[in-house]
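Heads up: take any position in the sequence shown, counting from 1, add 48, and you land on my numbering.
Beta carbons are placed, not taken as given, at the ideal position from N, Cα and C, and that holds for glycine.
On a predicted model such as this, the values are computed, not experimentally measured, just so you know.
Structure record follows, encoded as structure tokens.
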Amino acid sequence: MIYNSLTRSKVPFVPLDPNGRAVTMYVCGPTVYDAAHLGHARTYIQFDVVRRILRDVLGYDVTYVMNVTDVDDKIIMRSQERGVSAEALAREWETKFLQDMTALHVERPTAMPRVTEYVEEIVAYVGKIVENGLAYEDGAGSVYFDTRAFAFAGYEYGKLVPESVGSAELLAEGEGKLTSVDASRKRDPKDFALWKASKPGEPRWKSPWGDGRPGWHIECSAMIDATIGNGGAIDIHGGGFDLRFPHHDNELAQSEAFCCCDQTVNYFAHTGHLHIRGLKMSKSLKNFVTIAQALEGVPNPTTGALEEAVRPSTMRLMFLQVKYNAPCDYSDNMLANARTLEKKFKEFFHNVVAALRPLDADASATQKWSRSERDLREALSSAQASYRARLLDDFDTPGALLALQALVDATNSYLQAAAAAEFPPVSLVLAASARFVRDSLATLGVSDLASVDAVAAFNYAAAASSRSSSSKNTADLAPLLDAIATFRDDVRVAGREGDLQKVLALCDALRDGVLPELGVRLEDRASGSVWKFDDPDVLRAERAQKLAEAKAKEDLRTAEAAKKKAKLLAARLKPEDMFKTGDRAALYSQFDDDGLPTHDAAGDPLPKSQIKKLRKEWDKQKKLVEWAATHKDDDDDDDQAPPSVAASNCL
49 MIYNSLTRSK
59 VPFVPLDPNG
69 RAVTMYVCGP
79 TVYDAAHLGH
89 ARTYIQFDVV
99 RRILRDVLGY
109 DVTYVMNVTD
119 VDDKIIMRSQ
129 ERGVSAEALA
139 REWETKFLQD
149 MTALHVERPT
159 AMPRVTEYVE
169 EIVAYVGKIV
179 ENGLAYEDGA
189 GSVYFDTRAF
199 AFAGYEYGKL
209 VPESVGSAEL
219 LAEGEGKLTS
229 VDASRKRDPK
239 DFALWKASKP
249 GEPRWKSPWG
259 DGRPGWHIEC
269 SAMIDATIGN
279 GGAIDIHGGG
289 FDLRFPHHDN
299 ELAQSEAFCC
309 CDQTVNYFAH
319 TGHLHIRGLK
329 MSKSLKNFVT
339 IAQALEGVPN
349 PTTGALEEAV
359 RPSTMRLMFL
369 QVKYNAPCDY
379 SDNMLANART
389 LEKKFKEFFH
399 NVVAALRPLD
409 ADASATQKWS
419 RSERDLREAL
429 SSAQASYRAR
439 LLDDFDTPGA
449 LLALQALVDA
459 TNSYLQAAAA
469 AEFPPVSLVL
479 AASARFVRDS
489 LATLGVSDLA
499 SVDAVAAFNY
509 AAAASSRSSS
519 SKNTADLAPL
529 LDAIATFRDD
539 VRVAGREGDL
549 QKVLALCDAL
559 RDGVLPELGV
569 RLEDRASGSV
579 WKFDDPDVLR
589 AERAQKLAEA
599 KAKEDLRTAE
609 AAKKKAKLLA
619 ARLKPEDMFK
629 TGDRAALYSQ
639 FDDDGLPTHD
649 AAGDPLPKSQ
659 IKKLRKEWDK
669 QKKLVEWAAT
679 HKDDDDDDDQ
689 APPSVAASNC
699 L
């Protein structure tokens, strides 16, 4: 099933290919005049995943075409601002766009036609529409699509968003800022440019109507016909939600006018809007974030603090946790959820590899199944079925990720039960579960998690080969061997001195400081230590976070202790004496049995309202004294105990 924007409903997916094996996709590519932003990231990641699902899950032979708009009003304006040629500007930003896509693990398309390389085909395409009587030359070198003639011929204009057909703002936006046309030259305000007469200083190509350049909408229709063929008919046309009108509606009209047919796109798919912390992304709002900035870390627009760089896998998981055609909010909460999920998968692979490592070296390890292995196999089968079903239901990646998480939870439970029973897990069923998670994530384009290669390489029947292929060479081992030698020297010195605390401190330093720099995570467990390979940057970040959390906890403990001391000091003043001593003693002349003032310094009775207020103060002090009586011993302990003990006593 696929949600078709043409029908605004989910419908069965049936390819145009009579053999049912080939699928054609066209996705509107970038206009290369500036850096690609997070909205681009979401669109191209989502359609990259759609392509992978069609190919790797459903087994289709996918032809994926993405254009590059390298001549356009925005490019011309920006090139004039910078004093460079439009071609040079476009090539610069196209290169950076492709670098961004590579960083995000977005696969290159089957074809990537540039507009400037298909001008001849575009001119011929426009000529055919003119020949069919559905476009006209305006007398000044431009050619416009004739929406009235199109409707008179029995076609429907505005199939995707009919409610926007009369929007002057959207129509003007679709024409571009450099396109100022005398209204008398257009037969209808809805008519749009297929060919634009070039002004002085603008790129130009020859045509039957004079020197000019392609309109924005025509390029996609013409390049689909030139690359995919098939009369311009395709299975899936994709793009961002804001391209529905006028761009995609104009594309549909052009293509139908060219081939004299009622339909050229079987399914339209659109990615939902992306907001930044609840707001539309805009340079004026100072929340415009480029892909490169997100991957490198940028200042938070609210606090100004430098944010943690977003890993490609984190960004992809964040977008995949939201349905491709639903709105998505790039927020701290969404990022935190994605990082948590990424960590869950990473820890899963680490744990599986750690469990498989001793089994890999032991050819006599048990392969006998018990109820636990059967349960794990059932969990694997269930996850496989659910994962596939979710992806076949309109590319439901959030549901697919939930299926993988369920298998991760089941596998972790299996490993925990095996450890508790002090019985080794069965390697083959464990490896099968891990491989499915790994391969499924790879299908979604999440392939840069640590330790996945170790899972993929595991082969119980070829343990020696596996160990050989995964071993580090001598040069790689040198830093680790240096660290071990240094650790040994320090431990020997501490041993001679009989300093057990120093030995333990050295062990902690090896675990927390030395090994993480070498990409090794060492975990203390009841059954013994377990080591895992990981990204040194990730380990450093985790260490920094732990130190920050420890400091915050210590700061809180110190503040609480200071607050408590202040309360105990204040509690030394008895309530019956609080108005008879200090600066306040001169304010009153008579008191009741509780020491509460009844008359002012002149001997006049105090108003009832003032006595009521003073009574509240008296009651508060009395409660403070009573509280202090029950905490005095704790305070004595605080003065003598080390910080860690004091902190625990205060909790």
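In the DSSP assignment, what are the bridge partners of PHE396? Answer by DSSP bridge pairing: none, since PHE396 is not bridged.
Return yes when the Cβ of LEU449 is within less than 8 Å of the Cβ of VAL485, no when it is not. no
Check whether the Cβ atoms of SER269 and PHE306 lie closer than 8 Å to each other. yes
Grab me the residues of LEU383's own chain with a C-beta within less than 8 Å of its C-beta, minus the 5 sequence neighbours each way, in chain order. VAL358, THR362, MET366
Alpha carbon of PHE773 to alpha carbon of ALA241, nearest angstrom: Residue 773 falls outside the range modelled here, since the chain spans only 49 to 699, and no answer is possible.
Use the C-beta contact count for MET626: other C-beta atoms within 10 angstroms, 16 or more gives buried, fewer gives exposed. buried
In chain order, what residues of the same chain lie with their CB nearer than 8 Å to the CB of GLY260, ignoring the 5 residues before and after it? GLY189, SER190, TRP243, LYS244, ALA245, SER246, ARG252, TRP253
Could you check how far apart the C-beta atoms of ASN115 and PRO161 are, in whole angstroms? I think they sit under 8 Å. 5 Å
Please return the same chain residues whose Cβ sits closer than 6 Å to the Cβ of ASN325, not counting the five positions on each side in sequence. Looking at the sequence shown, residue 325 is not Asn but Arg. Contacts found: SER379.
Taking Cβ to Cβ, would you say VAL209 is nearer than 8 Å to PHE293? yes
Fully enclosed by the segment 554 to 642, which beta strand (DSSP E) runs are 3 residues long or longer? 568 to 571, 578 to 581, 636 to 639
Within the same chain, show all residues whose beta-carbon is closer than 7 Å to that of GLU624, passing over the 5 residues directly before and after it, in chain order. ASP642, GLY643
What is the residue span of the beta strand (DSSP E) that LYS244 lies within? 241 to 245
Taking the runs of the alpha helix (DSSP H) that are 4 residues or longer, which of them lie wholly in the segment 137 to 205? 167 to 179, 195 to 200
My output table needs one value for LEU333: the three-state DSSP class, helix, strand or coil. coil
CB-CB under 6 Å to ARG233, same chain, minus the five flanking residues each way: which ones, in chain order? ASP186
DSSP-derived helix/strand/coil call for PHE443: coil
Chain-order list of residues whose beta-carbon lies under 8 Å from that of ARG588 (same chain, five-residue window excluded): PRO564, GLU565
8 Å Cβ shell around ASN67 - same chain, five flanking residues per side excluded: none
Could you check the C-alpha separation between VAL71 and ASN314 for me, to the nearest Å? 11 Å
Residue from ASP530, LEU463, ALA183 whose Cα sits closest to the Cα of GLU395: LEU463
CA-CA distance, ARG540 and ARG559? 18 Å
Leaving aside the five residues before and after THR150 along the sequence, list all residues of the same chain whose C-beta is less than 6 Å from its C-beta, in chain order. none
Per DSSP, which one or two residues make a beta bridge with GLY214? GLY214 is not bridged to any residue.
Quick check: the Cα distance between VAL171 and LEU226, rounded to an integer number of angstroms? 20 Å
Express the C-alpha separation of ARG56 and VAL62 in angstroms, rounding to a whole number. 17 Å
Whole runs of the beta strand (DSSP E) within the segment 52 to 103, excluding any shorter than 3 residues: 57 to 59, 70 to 75
Would you identify the three-state DSSP class for LYS261, choosing helix, strand or coil? With the sequence shown as reference, residue 261 is identified as Arg, and Lys is not the correct amino acid for it. Strand, per DSSP.
Residue span of the beta strand (DSSP E) that contains LEU322, given as start and end: 322 to 324
Locate the alpha helix (DSSP H) running through MET125, then write down its first and last residues. 121 to 130
Please report how far the alpha carbon of GLN341 lies from the alpha carbon of GLY288, in whole angstroms. 21 Å
Secondary structure of MET114, DSSP reduced to three states: strand
Through-space distance from VAL113 to GLN593, alpha-carbon basis: 43 Å
Could you check where the alpha helix (DSSP H) with ALA305 kicks off and where it finishes? 297 to 307
Proximity of ASP442 and MET49 at Cβ, strictly below 8 Å: yes
Can you confirm whether TYR203, when its beta carbon is compared against all beta carbons of chain B, has any partner nearer than 8 Å? This model lacks chain B altogether, as it is built from one protein chain only.
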